[in-house]
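>
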Amino acid sequence: MAILSDSEIQQRITDGGLIAGGDMTRASQCSYSFVAGVAFHPGRADAPINFPGEAIVKPGEMIWIRTLETVKMPDGLVGFWWQTNGLSRQGLMLVNMSMIEPGYEGDLACLFVNFGKSAIPINKETVIAKMVFSEVVGRVLSPIAYRSTRQAYDADLRALTINQPPSFLQISELAANVEAARASALQAIKDAEIASTADAKAVFDKQRNDSLDTFKANIPKAVLQSAAWAGAALALLTAATVGANWAEGKLFPNVKTVARSEAEQALGERLSVSATPDSAQSEQLSQQIKLLNARIAALEQKKK
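Residue 1477 is where the sequence shown starts when you use the numbering used here, and the numbers rise one by one after that.
1. Please list, in chain order, all residues of the same chain as residue 1544 whose beta carbon is under 6 Å from its beta carbon, the five residues on each side excluded.
2. Distance check for residue 1773 and residue 1694, CA to CA, integer angstroms please.
3. Do residue 1606 and residue 1558 have their beta-carbon atoms positioned less than 8 Å apart in this structure?
4. DSSP puts residue 1568 in a beta bridge; with which residues?
5. Considering only residues of the same chain and omitting the five flanking positions on each side of residue 1565, which have a CB-CB separation below 8 Å?
6. Tell me which residue opens and which closes the beta strand (DSSP E) that residue 1478 is part of.
7. Give me, in chain order, the residues of the same chain whose beta-carbon lies closer than 8 Å to that of residue 1493; leave out the 5 immediate sequence neighbours on both sides.
8. Relative to the C-alpha of residue 1534, which residue among 1643, 1521 and 1571 is closest?
9. Leaving out five residues on either side along the sequence, give the residues of the same chain with a beta carbon under 6 Å from the beta carbon of residue 1679.
10. Alpha carbon to alpha carbon, what distance is there between residue 1531 and residue 1522?
11. Could you tell me if residue 1571 is buried or exposed, where buried requires 16 or more neighbouring beta carbons within 10 angstroms of its beta carbon?
12. Classify residue 1502 as buried or exposed, calling it buried when 16 or more other Cβ atoms lie within 10 Å of its own Cβ.
13. Quick one, which of 1621, 1504, 1645 and 1508 has its alpha-carbon nearest residue 1555's?
14. Just mark residue 1615 as buried or exposed, buried being the case when its beta carbon has 16 or more other beta carbons within 10 Å.
15. Less than 8 Å between C-beta atoms, sequence neighbours within five positions excluded: which residues of the same chain meet that for residue 1592?
16. What number of angstroms, rounded off, separates the C-alpha of residue 1485 from the C-alpha of residue 1500?
17. So does residue 1765 have its beta carbon nearer than 7 Å to some heavy atom of the ligand NAP?
18. Taking residue 1478 and residue 1610 to be in contact with their CB atoms under 8 Å, please state how far apart those CB atoms are, rounded to whole angstroms.
19. With a cut-off of 8 Å on the beta carbons, I'd call residue 1633 and residue 1527 a contact; round off their distance for me.
20. Answer yes or no: do residue 1519 and residue 1597 have a C-beta to C-beta separation smaller than 8 Å?
21. Do you know offhand how far residue 1561's Cα is from residue 1603's?
22. Using a threshold of 8 Å, state whether the C-beta atoms of residue 1585 and residue 1546 are closer than that.
23. Kindly give me the distance between the Cβ atoms of residue 1563 and residue 1612, rounded to whole angstroms, as I take these residues to be in contact under 8 Å.
24. Rounding to the nearest angstrom, what Cα-Cα distance links residue 1577 and residue 1623 in this structure?
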């Protein structure tokens, strides 16, 4: 399979064929590098982006780019679209790589999808695709008979993109829906937390207020009960005191006298022994009696 070299491509451009409005400097080695003429964002009704301008392709988004140049394929040549390394390294992939049949004359369009994580800018200097031209061996029996003006081509491309989703497999819409659902779930959790906190506070406040009300209602009764108990205790204490004094004065008027009499009688019985007045035993007993009398007197003083 014979492929046209850069010199052959340049010669055909000079002769007015192959690439209308082609730039000689963009024919190199064995291909021609195409640049952007206008860009169409799928799913949008706004105006296309004309270059020299700039198109931004966000992650997950698709974009159609019509080339600046048009092609005019002779019957004996076929063209092949190729992805560029510069865009593929950024994640922008050409998804409609195809063959340009012999006989085609008109504009070309590239469909890109940004599979990367960053937005990718495209400007008038960006090489969007390369084309390799190969000779066809033998005569083409039915070359394609497509002819179109740029105005008609752009109108058809715009109508196509308006009705397309803005992202490949609607990834960006799904991501947006997931993010919206996540935000909604987080808000619902926050609302539930706030509501539960408010409910708990309301229950606590009610219980506290009910307890205070009950306590206030029972204060007079508690005071009366306490006063009654205090009065009863005071009466009992008074009665006990008065009764004790009365009992001591009335029932046992001679407690001290009786105690002393009993002690002396017991002592007398204990000390009833035979002894002479001048004996040492008699003197000792006399001293013991004095000590006992002194102790009884001390005890009587303490009781007073």
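All C-beta atoms, glycine included, are put in the ideal place defined by N, C-alpha and C.
With the given structure in hand:
1. Excluding positions up to five away in sequence, the list reads 1511 and 1513.
2. When rounded, the distance between both Cα atoms is 57 Å.
3. A contact, by the Cβ cut-off of 8 Å.
4. 1590, per the DSSP bridge assignment.
5. Taken in chain order, the list of residues that qualify is empty.
6. Going by DSSP, residue 1478 is part of no beta strand (DSSP E) at all; its letter is neither H nor E.
7. Answer for residue 1493: 1548 and 1550, listed in chain order.
8. Of the listed residues, the one whose Cα sits closest to residue 1534 is 1643.
9. Same-chain partners within the cutoff: there are none.
10. Those two C-alpha atoms are separated by around 13 Å.
11. Counting Cβ neighbours within 10 Å, residue 1571 comes out exposed, since fewer than 16 surround it.
12. With 16 or more other Cβ atoms within 10 Å, it is buried.
13. For residue 1555, the closest of 1621, 1504, 1645 and 1508 by C-alpha to C-alpha distance is 1508.
14. Under this definition residue 1615 is an exposed residue.
15. For residue 1592, where only same-chain residues beyond five positions count, the Cβ hits under 8 Å are 1535, 1566, 1567 and 1568.
16. Spanning the two alpha carbons is a distance of roughly 8 Å.
17. The model on display carries no ligand, and the ligand NAP is accordingly not part of it.
18. Confirmed, Cβ separation roughly 7 Å.
19. Not quite, the Cβ-Cβ distance comes to about 15 Å (not below 8 Å), so this is no contact.
20. Cβ atoms of residue 1519 and residue 1597: not closer than 8 Å.
21. Roughly 10 Å separates the two Cα atoms.
22. Inclusion of residue 1585 and residue 1546 in the CB contact set at 8 Å is not warranted, their separation being larger than that value.
23. Not a contact, Cβ separation roughly 29 Å.
24. The straight-line gap from Cα to Cα measures roughly 13 Å.
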